[in-house]
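**Q** I'd like to ask some things about the structure below.
2 protein chains.
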Amino acid sequence: MPDPDTQRKLIEILRILSESTEEMGARKIAEELNRRGYNLGERATRYHLRMLDERGFTKKHGYLGRVLTKMGEEELKHALVTDRMGFISTRIEDFEIRTTFDPVTNSGDVVVNICYVSKNDFDKAFGLMKRVVESGYAISPKIRVADEGEEILENDVPEGQVAFASVCSITIDGVLIKNGIPVNLKYGGIIKITDGVIQRFTDVIDYSGTSINPMSVFTSRKMTSIINVLDKGSGYMLANIREIPMTARDSALKLLDDLHAADINGIFSGCESVRPLLGVPIELGKCGIASYSGINPFAAFGEAGIKTRILPLAAVMNVRELKKME
Amino acid sequence: MPDPDTQRKLIEILRILSESTEEMGARKIAEELNRRGYNLGERATRYHLRMLDERGFTKKHGYLGRVLTKMGEEELKHALVTDRMGFISTRIEDFEIRTTFDPVTNSGDVVVNICYVSKNDFDKAFGLMKRVVESGYAISPKIRVADEGEEILENDVPEGQVAFASVCSITIDGVLIKNGIPVNLKYGGIIKITDGVIQRFTDVIDYSGTSINPMSVFTSRKMTSIINVLDKGSGYMLANIREIPMTARDSALKLLDDLHAADINGIFSGCESVRPLLGVPIELGKCGIASYSGINPFAAFGEAGIKTRILPLAAVMNVRELKKME
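Protein chains in written order, with the working numbering: chain A, 5 to 330; chain B, 5 to 330.
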């Protein structure tokens with residue numbers, strides 16, 4: 005019996021094959037997995053396909069193609085009852101658990117978002133990334149850039165493309181939890197900034213009630229105006245907000261300081277005892293910590309007309325693989 | 005002191021004026037209100053502006069333009085603390101309360117969605133609407149078509165445009181509540197249909213945790229393939245799901261029958277005691293009622309390349325204003 009994470013990937017591959025009208029190879033399946041938020045490379049997909057073959061759920065068909073067997077169809081039907089679509093909050097918790105970053109020693113794994121752009125757009129994208137970082141709207145100045153052919157996580161960066169990895173704000177939640185503070189990432193949203201001052205959230209989506217990442221919703225609806233914030237100080241940015249118990253306030257503030265010293269920033273409202281906070285309801289006995297989203301630089305790429313493929317909550321990565329932008 | 009509904013509209017107008025860089029007239033304000041989900045016509049907007057003028061929150065500026073006064077700015081700041089962005093579920097409850105439709109006498113007000121299209125696209129749109137209705141994927145065969153210049157609710161249909169009004173599935177919730185059944189519209193989502201058979205929800209968003217209407221999220225992300233369902237029996241459609249107490253099952257089923265006799269349909273899973281239902285979690289002691297969304301015909305317009313302006317949950321309308329498609 006594979007672990008739940010592998011199990012989910014296997015089911016998703018069966019689902020992809022069942023939804024396809026033609027036989028599919030590992031590359032196509034990997035692409036579709038990525039589109040659905042599973043960051044699995046071609047090699048890893050091939051490995052998973054072998055596992056499915058061995059169980060008799062899939063079989064080879066044509067040159068490198070795979071199809072579902074009768075048994076695979078049955079397995080999928082059964083799995084679908086228990087493995088329902090899955091809320092984003094479950095995925096978030098998985099990543100919080102996988103965060104091993106220690107701000108004091110500045111080591112361990114952080115959560116990253118990944119964005120693919122064409123090599124032709126690299127200079128423009130890199131310049132924007134730098135501006136977002138320098139203006140203090142990024143989670144961290146530490147990023148990774150992977151060129152075509154280089155491996156980023158389990159993926160080779162496709163020909164003609166470059167991948168950016170940015171620190172995801174979920175890293176903050178992971179560190180809080182690792183240090184014994186119960187944290188609940190509540191809402192992903194849009195904040196309004198006027199003349200460099202944060203005004204309030206103008207839209208939010210509860211992470212626990214959605215199967216689509218709120219950040220993907222806001223970026224695909226083009227609700228940000230990050231470049232305007234960079235140019236003129238006013239506009240709309242991606243942000244999120246988490247709740248911690250009021251009693252954990254002091255230890256949380258200490259951790260946020262440690263994180264700051266380790267170049268993990270982006271918090272613009274930490275543990276103020278205000279309810280609602282910036283227009284967002286906060287539970288009684290809790291306080292809110294609001295931060296920018298690590299997706300902001302990538303949303304800015306999109307605003308500038310750069311074609312992007314954004315994978316929010318893509319993976320964990322050792323902080324040593326990231327380099328500080330100077 | 006105006007009622008909460010008017011109060012909200014007044015605040016939204018102040019907000020629009022504060023966010024604008026230029027003076028705005030009633031027409032522009034009405035358009036922006038519509039974009040934000042308030043269905044207020046030019047005339048009604050003018051009436052609201054007069055109320056704001058009288059209180060000293062706005063003043064005339066230039067030819068028919070309005071600007072915010074210092075007092076208006078203060079009022080807005082104060083209001084924003086209490087009048088936060090607002091979740092869609094609040095808006096849904098407002099509309100449930102305003103539903104007065106009685107399926108037995110076939111009279112009273114139903115909730116409608118509205119969609120504006122160009123007159124040039126009318127025939128194509130009308131044909132699609134008819135196909136959705138005839139295939140049983142609409143809430144009701146009763147629709148209203150308003151030509152340019154005609155008044156639909158408080159709006160005149162703009163020149164060169166036609167407005168469609170379709171019955172919104174929230175009408176079902178309104179009728180259940182009016183008859184003493186506590187109902188909770190939980191999720192808006194996407195359902196997968198294969199060979200005419202509903203498979204399961206593939207994505208959902210909790211109405212109580214979002215400030216953006218889930219239906220708008222799914223349509224703007226182009227996640228439907230309604231025309232494919234019409235053509236080939238397979239694809240993805242908009243749907244939603246509500247919970248009622250298991251103990252109200254019998255009276256609910258009776259009401260659903262009455263609704264059916266009164267041409268309000270679209271329910272594809274009524275009170276089955278299955279958990280999860282079609283992949284969606286249902287609370288213990290509750291049962292789920294799943295229905296198509298009244299937005300489906302309008303989403304199909306979009307799929308066919310027709311430029312649409314969709315207002316989900318636009319207003320209530322007397323059922324006598326609607327005409328059955330034959």
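Built from N, CA and C at the ideal position, the CB exists for glycine as well.
Predicted model only: the values in this text are computed from it and were never measured.
Would A/D210 count as contacting chain B if we go by Cβ distances under 8 Å?
**A** yes
**Q** Leaving aside the five residues before and after A/I143 along the sequence, list all residues of the same chain whose C-beta is less than 6 Å from its C-beta, in chain order.
**A** Taken in chain order, the residues that qualify are V171, S173, G270 and G298.
**Q** Taking only the alpha-carbon atoms, compute the straight-line gap between B/R31 and A/S220 and give it to the nearest angstrom.
**A** Distance between the alpha carbons of B/R31 and A/S220: 33 Å.
**Q** Helix, strand or coil for B/E78, going by three-state DSSP, please let me know.
**A** helix
**Q** Taking 7 Å as the limit between beta carbons, can you name the residues of its chain near A/V179, skipping five residues before and five after?
**A** T103, F105, P107, L259 and L263
**Q** For a contact meaning CB atoms closer than 8 Å, what does A/I216 contact in chain B?
**A** Those within 8 Å of A/I216 in chain B are D207, I209, V221 and R225.
**Q** Among A/G239, A/R324 and A/F205, whose alpha-carbon lies nearest the alpha-carbon of A/S273?
**A** A/F205
**Q** Is B/I197 close to chain A, meaning its C-beta is less than 8 Å from at least one C-beta of that chain?
**A** no
**Q** From A/R148, A/Q203 and A/D57, pick the residue whose C-alpha is nearest to that of A/N322; which is it?
**A** A/R148
**Q** Please report the residue range of the beta strand (DSSP E) in which B/E247 lies.
**A** For B/E247, the uninterrupted beta strand (DSSP E) run begins and ends at G239 to P249, by DSSP.
**Q** Going by CA-CA distance only, name the one from B/K311, B/N244, B/A252 and B/E307 that's closest to B/V121.
**A** B/K311
**Q** With 8 Å set as the bound, which would you pick, yes or no: does the beta-carbon of B/G213 sit closer than that to a beta-carbon of chain A?
**A** yes
**Q** Taking Cβ positions, are B/S229 and B/G237 nearer each other than 8 Å?
**A** No, the Cβ-Cβ distance between B/S229 and B/G237 is not below 8 Å.
**Q** How about B/K32: is its C-beta nearer than 8 Å to some C-beta of chain C?
**A** No chain C appears in this structure, whose protein chains are A and B.
**Q** On the CB-based measure, 16 or more other CB atoms within 10 Å of its CB, does B/G153 come out buried or exposed?
**A** exposed
**Q** Using alpha carbons as the reference points, say which of A/N300, A/L317 and A/R246 lies closest to A/S139.
**A** A/N300
**Q** Do three or more CB pairs link the region 190–200 of chain B to the region 63–76 of chain B at distances below 8 Å?
**A** Result no; under three Cβ-Cβ pairs closer than 8 Å.
**Q** Please list, in chain order, all residues of the same chain as A/A150 whose beta carbon is under 6 Å from its beta carbon, the five residues on each side excluded.
**A** I156, V161 and A167
**Q** Roughly how many whole angstroms lie between the Cα atoms of A/R88 and A/D261?
**A** In this prediction, A/R88 scores a pLDDT of 48, lower than 50, which makes its location untrustworthy; the coordinate-derived value is nonetheless stated afterwards. So the alpha carbons of these two residues sit roughly 39 Å apart.
**Q** Would you call A/D177 buried or exposed, if buried means 16 or more other Cβ atoms sit within 10 Å of its Cβ?
**A** buried
**Q** Do you know how far the Cα of A/K190 is from the Cα of B/M55?
**A** 38 Å
**Q** Which one or two residues does DSSP pair with A/R313 in a beta bridge?
**A** Partner(s): A/Y120.
**Q** So is A/Y67 buried or exposed if we call it buried at 16+ other beta carbons inside 10 Å?
**A** exposed
**Q** Given 8 Å as the limit, is there contact between the region 243–254 of chain A and the region 273–290 of chain A, that is, 3 or more CB pairs closer than that?
**A** yes
**Q** DSSP beta-bridge partners for B/V171?
**A** B/V116
**Q** With distances taken Cα to Cα, identify the nearest neighbour of B/K123 among B/E330, B/R324 and B/R313.
**A** The option with the nearest alpha carbon to B/K123 is B/R313.
**Q** Mapping the DSSP letters down to three states, classify B/D207 as helix, strand or coil.
**A** strand
**Q** Where do the ends of the beta strand (DSSP E) carrying A/S295 lie?
**A** K290 to Y296
**Q** Compare the C-alpha of A/I133 against each of A/E325, A/A308 and A/P316 and name the closest.
**A** Reading off the sequence shown, one finds Met at residue 133 of chain A, where the question assumed Ile. Relative to A/M133, the option among A/E325, A/A308 and A/P316 whose CA is nearest is A/A308.
**Q** Among A/F130, A/I181 and A/E36, which residue has its Cα nearest to the Cα of A/D98?
**A** A/I181
**Q** Closest by CA to A/E325, which one among A/G60, A/V114, A/E79 and A/E23?
**A** A/V114
**Q** For A/T86, name the three-state secondary structure that DSSP assigns.
**A** Interpretation of A/T86 is limited by its pLDDT of 44, a score under 50 that renders its predicted location unreliable; the figure taken from the coordinates is listed afterwards. Here A/T86 sits in helix by DSSP.
**Q** Buried or exposed for A/E36, please, with buried defined as at least 16 other CB atoms from any protein chain shown within 10 angstroms of its CB.
**A** buried
**Q** Of the residues A/D235, A/R39, A/G29 and A/G45, which one's Cα is nearest the Cα of A/K346?
**A** There is simply no residue 346 of chain A to check, as chain A begins at 5 and stops at 330 in what is shown.
**Q** If you drop the 5 nearest sequence neighbours on each side, which residues of the same chain put their C-beta closer than 7 Å to that of B/F305?
**A** C119, V121, A129, L132 and T312
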